[in-house]
Amino acid sequence: MDTSTCGQMKGCLFAPEGCQAGVTCQIHFSYQVDGNSLAMELYGTPPVSNGYIAGDDMVVYCAQFGNGQVVGGLALNGKKPNNTIISNVGIQDVPRTASVGGALYCAIR
Numbered sequence: 795m796d797t798s799t800c801g802q803m804k805g806c807l808f809a810p811e812g813c814q815a816g817v818t819c820q821i822h823f824s825y826q827v828d829g830n831s832l833a834m835e836l837y838g839t840p841p842v843s844n845g846y847i848a849g850d851d852m853v854v855y856c857a858q859f860g861n862g863q864v865v866g867g868l869a870l871n872g873k874k875p876n877n878t879i880i881s882n883v884g885i886q887d888v889p890r891t892a893s894v895g896g897a898l899y900c901a902i903r
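In this note's numbering, the protein residues as written are 795 to 903.
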């Protein structure tokens, strides 16, 4: 994820607070309005394999499935670690995904 244009061409959020982007941050998020679309990038290291940290919410996700494929999309998270994946056809475009060194990356429009 390119952080060089953060604050100029796109907004960016990093966590935990005070971390150094691209070095010590566990989560990177960028957003940019593009006409009537919102372009987002998500990058992060899951806390544990199959870690579950959400509850009863509609979410934009970036996940790696058991076959190794990295996928971005929409889901409804239940109160248990099972999710209802929602078709994002006509709603979202996911032009790029990657897994590097245990970290996941999804570009979502």
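Cβ atoms here follow ideal geometry from the backbone N, Cα and C, with glycine treated the same way. All values reported here derive from a predicted model rather than from experimental measurement.
Our two residues, Y899 and Y855, have alpha carbons roughly 10 Å apart in a direct line. Here I902 is bridged, per DSSP, to M834. Under a 10 Å Cβ-count criterion, S824 is classified as buried, with 16 or more other Cβ atoms of the shown protein chains found around its own Cβ.
For the set G872, V894, G801, I885, the Cα lying nearest the Cα of Q863 is the one of V894. T839 and A897 do touch by the CB rule: their CB atoms are close to 5 Å apart, below 8 Å.
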